[in-house]
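Comments concern the structure below.
Protein chains in written order, with our numbering: chain V, 47 to 94; chain H, 48 to 546.
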């Protein structure tokens with residue numbers, strides 16, 4: 047288990063899982079509000 | 048196990064919701080700019096969600112899991128190289144900043160400004176050819192996952208593939224990039240939740256220590272003849288030659304692959320594009336590593352349960368393993384998220400290649416420009432044509448070797464030549480159209496030879512992927528340099544267009 051390659055992949059794996067969780071909630075929330083703004087802009091500039 | 052009623056309800060709710068949201072966006076389409084690049088109004092986080100959703104398809108999960116099954120964690124080194132490439136390009140703005148500032152809709156369009164209309168047309172042909180061949184195996188691999196994960200009869204595979212394609216086609220044909228952005232957002236959320244949940248369940252089921260020690264012991268027991276499960280540079284794994292090819296290949300992917308670049312061209316400015324690249328970079332480690340974990344866990348699971356059952360291989364072991372260990376409800380979430388991944392990738396890719404065919408192959412040949420409605424109709428007809436091609440190609444083509452090698456080499460048909468044109472066109476004033484022709488043709492020779500020879504030759508006479516891919520980059524740059532230096536064709540300069 048002390049193999050440096052194993053340690054490196056362990057770190058990458060667990061940070062990847064955490065990063066995906068962060069992306070879904072943080073980026074997902076921000077992207078959602080950007081999508082709402084995009085739809086609002088589209089509605090204002092060219093009524094459906 | 049097969050899916051329960053709860054699993055099917057989860058899948059149905061997602062598919063119906065996604066289809067409705069995608070179709071709702073069609074009302075905002077007014078012209079071909081809305082349809083292909085969302086009117087260039089995409090901000091950074093929506094760009095990240097769309098880019099991540101498009102580049103994480105069910106085909107991605109299948110080939111990265113296959114790498115995990117065959118090469119252990121070392122198989123995920125491709126994702127590390129890809130993430131580093133995104134970060135470097137995001138930090139420096141290499142290629143993507145001047146490309147976005149040029150105000151073009153596709154990469155070949157830039158070549159008309161920098162070289163000549165004929166270079167644009169020829170590059171469009173190469174881009175569409177490489178992209179469509181690359182996409183040809185998406186449906187087959189997606190169908191393989193669904194058959195083995197849900198326990199449905201294998202004879203249903205073609206019908207399921209067709210239904211999935213028709214669903215995607217409905218919202219993509221009607222709403223273009225605006226529908227793709229809306230559905231990509233929903234798919235980004237669902238795929239993220241599905242992948243994180245499944246990865247945690249896999250670790251819980253197989254046990255981290257058990258996974259690592261079994262992989263190590265298997266390699267030792269083989270006498271070091273199987274691929275090293277943790278060291279990608281080991282001669283039994285990828286080796287340094289393959290990794291060297293991947294370094295330049297991934298740099299070309301993040302600056303040249305049209306489905307990725309279409310997100311750059313849809314952003315509101317080049318600053319947004321570089322920020323999007325920096326923030327999305329680490330996502331690509333997980334894109335290879337998390338499904339790679341599932342593949343490695345499948346290898347260990349079947350090793351400890353009497354070996355791989357008949358009818359399974361390194362590609363189909365992962366979905367069968369997950370169907371054996373995931374509980375009711377979670378299996379439905381996983382299948383729904385994988386259908387989401389497949390839909391977002393197919394829609395994004397179909398729209399991208401349709402845009403190239405419309406913008407760079409057909410439009411330059413028209414004697415008078417089409418009306419706004421004519422442009423939209425033409426783009427939609429091309430989308431239908433691509434869907435028919437995907438069904439026919441996906442049904443009869445038998446892939447030689449590993450899925451990742453096939454995808455990398457078909458992508459390489461245009462990556463090497465177009466990358467050399469982009470880099471020289473943006474950063475070398477002496478580059479001219481003669482060099483561009485030479486680079487386009489020489490860059491495609493290696494990958495096309497690989498596809499033709501390896502489809503016919505016996506395993507010991509097949510061309511290695513890194514030889515075909517690496518030589519294409521060398522030949523493309525050589526063609527660009529020699530062609531530009533020996534020819535007297537005038538070099539054109541780019542006029543910036545910050546639109």
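Glycine is no exception: its CB is placed at the ideal position from the N, C-alpha and C atoms.
Residue i at chain V interface by Cβ criterion, 9 Å
{"i": "residue 120 (chain H)", "result": "yes"}
{"i": "residue 383 (chain H)", "result": "no"}
{"i": "residue 266 (chain H)", "result": "no"}
{"i": "residue 108 (chain H)", "result": "no"}
{"i": "residue 147 (chain H)", "result": "no"}
{"i": "residue 232 (chain H)", "result": "yes"}
{"i": "residue 326 (chain H)", "result": "yes"}
{"i": "residue 546 (chain H)", "result": "At residue 546 (chain H), the pLDDT of 43 sits below 50, so the modelled position is not reliable and the matter cannot be decided from this model."}
{"i": "residue 347 (chain H)", "result": "no"}
{"i": "residue 372 (chain H)", "result": "no"}
{"i": "residue 92 (chain H)", "result": "yes"}
{"i": "residue 99 (chain H)", "result": "yes"}
{"i": "residue 48 (chain H)", "result": "Because residue 48 (chain H) carries a pLDDT of 47, less than 50, the predicted location of this residue cannot be relied on, and the following value inherits that uncertainty. No, residue 48 (chain H) does not count as interfacial toward chain V."}
{"i": "residue 229 (chain H)", "result": "yes"}
{"i": "residue 246 (chain H)", "result": "yes"}
{"i": "residue 311 (chain H)", "result": "no"}
{"i": "residue 337 (chain H)", "result": "yes"}
{"i": "residue 239 (chain H)", "result": "yes"}
{"i": "residue 501 (chain H)", "result": "no"}
{"i": "residue 387 (chain H)", "result": "no"}
{"i": "residue 255 (chain H)", "result": "yes"}
{"i": "residue 396 (chain H)", "result": "no"}
Same chain, Cβ closer than 6 Å to residue i, neighbours up to 5 away in sequence not counted
{"i": "residue 132 (chain H)", "result": "297, 298, 301"}
{"i": "residue 531 (chain H)", "result": "477, 478, 479, 482"}
{"i": "residue 527 (chain H)", "result": "467, 471, 482, 486"}
{"i": "residue 62 (chain H)", "result": "none"}
{"i": "residue 500 (chain H)", "result": "510"}
{"i": "residue 162 (chain H)", "result": "480, 483"}
{"i": "residue 434 (chain H)", "result": "212, 216"}
{"i": "residue 60 (chain H)", "result": "none"}
{"i": "residue 168 (chain H)", "result": "411"}
Exposure of residue i, with buried meaning 16 or more beta-carbon neighbours within 10 Å
{"i": "residue 118 (chain H)", "result": "buried"}
{"i": "residue 458 (chain H)", "result": "buried"}
{"i": "residue 49 (chain V)", "result": "exposed"}
{"i": "residue 138 (chain H)", "result": "exposed"}
{"i": "residue 321 (chain H)", "result": "buried"}
{"i": "residue 90 (chain H)", "result": "buried"}
{"i": "residue 345 (chain H)", "result": "buried"}
{"i": "residue 261 (chain H)", "result": "buried"}
{"i": "residue 251 (chain H)", "result": "exposed"}
{"i": "residue 303 (chain H)", "result": "buried"}
{"i": "residue 494 (chain H)", "result": "buried"}
{"i": "residue 533 (chain H)", "result": "exposed"}
{"i": "residue 218 (chain H)", "result": "buried"}
{"i": "residue 158 (chain H)", "result": "buried"}
{"i": "residue 361 (chain H)", "result": "buried"}
{"i": "residue 502 (chain H)", "result": "exposed"}
{"i": "residue 407 (chain H)", "result": "buried"}
Same chain, Cβ closer than 7 Å to residue i, neighbours up to 5 away in sequence not counted
{"i": "residue 427 (chain H)", "result": "220"}
{"i": "residue 305 (chain H)", "result": "153, 154, 174, 178, 399, 403"}
{"i": "residue 238 (chain H)", "result": "100, 103, 384, 387, 388"}
{"i": "residue 287 (chain H)", "result": "280"}
{"i": "residue 363 (chain H)", "result": "191, 195"}
{"i": "residue 522 (chain H)", "result": "489, 490, 492, 493"}
{"i": "residue 277 (chain H)", "result": "119, 120, 121"}
Cβ-Cβ separation, residue j to residue i (assumed contact under 8 Å), whole Å
{"i": "residue 383 (chain H)", "j": "residue 57 (chain H)", "result": "5 Å"}
{"i": "residue 429 (chain H)", "j": "residue 401 (chain H)", "result": "4 Å"}
{"i": "residue 290 (chain H)", "j": "residue 279 (chain H)", "result": "6 Å"}
{"i": "residue 227 (chain H)", "j": "residue 67 (chain H)", "result": "Between residue 67 (chain H) and residue 227 (chain H) the Cβ distance is about 15 Å, and since that is not below 8 Å, they are no contact."}
{"i": "residue 77 (chain V)", "j": "residue 95 (chain H)", "result": "7 Å"}
{"i": "residue 197 (chain H)", "j": "residue 338 (chain H)", "result": "So it is not a contact: roughly 18 Å between Cβ atoms."}
{"i": "residue 229 (chain H)", "j": "residue 72 (chain H)", "result": "5 Å"}
{"i": "residue 222 (chain H)", "j": "residue 64 (chain H)", "result": "Not a contact, Cβ separation roughly 15 Å."}
{"i": "residue 274 (chain H)", "j": "residue 284 (chain H)", "result": "5 Å"}
{"i": "residue 293 (chain H)", "j": "residue 143 (chain H)", "result": "Contact doesn't hold; Cβ gap of about 20 Å is too wide."}
{"i": "residue 378 (chain H)", "j": "residue 50 (chain H)", "result": "6 Å"}
{"i": "residue 438 (chain H)", "j": "residue 272 (chain H)", "result": "Actually they are not in contact, since the Cβ atoms of residue 438 (chain H) and residue 272 (chain H) sit about 41 Å apart, beyond 8 Å."}
{"i": "residue 200 (chain H)", "j": "residue 473 (chain H)", "result": "52 Å between Cβ atoms; not a contact."}
Own chain, CB closer than 8 Å to residue i, minus 5 neighbours either side, in chain order
{"i": "residue 431 (chain H)", "result": "216, 220"}
{"i": "residue 203 (chain H)", "result": "194"}
{"i": "residue 98 (chain H)", "result": "307, 310, 323, 327"}
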